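Peer 1: A single structure is presented below for examination.
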């Protein structure tokens, strides 16, 4: 009829460790499921376990391999890079030489106009011989036609010739200067080509057939699941046991309350099974032993023991609960 003890608490540490171990195993399973080997026309990607870390977890190695054709291209490219690397000092010296030596303008065609001569003088020096011959031809023609020097007709013919001379000399001079500048520009382009041709050749070699890296697909991630919630299960079990214990205690308390109410009448529970801390303190007038004691429901009292007054007619009877009671009205 006493209170039941509460259930012992769960092993929370053990349950937590077991839950963590389950989660770790689930994570390792998901990781292994996501290591999907792939094979493409250009190469392959494979996974393999390569040991364990300091915590005992499996470690993985991802290996990417090229197809035989792509591997050859990579080997050629590496050989070319190594060859170019061996001549890097020569290349640096070549570039430094270009920086130190600008274009050699001495190899360009000469300018059509010298610094100490005007443009008109330069042009006229080219055309004067031709127009001198035309002047001689004009004078001979005028004399044959009877046109004397100083006449209006002679003056007009001379003016026309001089205008033609000026127009032709200007046009020829402009064309000559244009040709000269064109020649210089072409020469500059040729020198620039000669400077850049080795670099262009080098870049062409370097940018030849390139290695085609494998293009791998995005593998769908496998679903992950947590391990068994052992910690939660332990807590739920403990809560259930604790609830059952509380319910049993409440039922016992309710029963004890009923017994206490009965104890307030002339009949009282005197069964030894309901008493604790029993101590003999004296006798009744009739010579029965008297004790002090505590009921199991916590109440302190003084009285006799039912088993010691059973010889008195009608003094002892049994309660429906099975415990003995004493009618003190019949006890002296």
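Residue numbers (this note's numbering): 970 to 1301. Heads up, the beta-carbon is just placed ideally off N, CA and C, and yes, glycines get one too. Please read all numbers here as calculations on a predicted model, not as lab measurements.
Shorter than 8 Å from the beta carbon of residue 1004 to some beta carbon of chain D?
Peer 2: Here there is only one protein chain, and chain D is not present.
Peer 1: Could you give the distance in angstroms between the alpha-carbon of residue 1254 and the alpha-carbon of residue 1301?
Peer 2: When rounded, the distance between both Cα atoms is 6 Å.
Peer 1: Assign residue 1162 to buried or exposed, taking buried as 16 or more other Cβ atoms, counted over all protein chains shown, within 10 Å of its Cβ.
Peer 2: With fewer than 16 other Cβ atoms within 10 Å, it is exposed.
Peer 1: So, is residue 1117 buried or exposed, given that buried needs 16 or more other C-beta atoms within 10 angstroms?
Peer 2: Residue 1117 is exposed by the Cβ-count criterion.
Peer 1: Mind pulling the beta strand (DSSP E) runs of 3 or more residues that sit fully within the stretch 1265-1297?
Peer 2: Correct list: 1269-1272, 1285-1287, 1293-1296.
Peer 1: Just to confirm, are residue 1260 and residue 1247 a CB contact at a threshold of 8 Å?
Peer 2: Closer than 8 Å, so yes.
Peer 1: Hey, residue 1009 and residue 1017: beta-carbon distance below 8 Å or not?
Peer 2: Against a cut-off of 8 Å, the Cβ pair of residue 1017 and residue 1009 comes out as no contact.
Peer 1: Going by beta-carbon coordinates alone, are residue 1237 and residue 1294 separated by less than 8 Å?
Peer 2: Yes; because the gap between Cβ atoms is below 8 Å, this pair is in contact.
Peer 1: Find the nearest neighbour of residue 1035 within the set 1123, 1184, 1023, 1268, judged by alpha-carbon distance.
Peer 2: Nearest C-alpha to residue 1035: 1184.
Peer 1: State whether the stretch 976-985 contacts the stretch 994-1006, with contact taken as three or more CB pairs (one from each stretch) at a distance under 8 Å.
Peer 2: Flag = no, the stretch 976-985 and the stretch 994-1006 do not touch.
Peer 1: Residue ranges of each beta strand (DSSP E) run of no fewer than 3 residues wholly in the stretch 981-1042, ordered along the chain?
Peer 2: Correct list: 1007-1009, 1012-1021, 1027-1035.
Peer 1: Once DSSP output is grouped into helix, strand and coil, what is the label at residue 1251?
Peer 2: Strand, per DSSP.
Peer 1: Can you tell me the Cα-Cα spacing of residue 1132 and residue 1106, whole angstroms?
Peer 2: Those two C-alpha atoms are separated by around 16 Å.
Peer 1: When the Cα atoms are used, what is the spatial distance from residue 1019 to residue 993?
Peer 2: Near 19 Å, if we compare the C-alpha coordinates of residue 993 and residue 1019.
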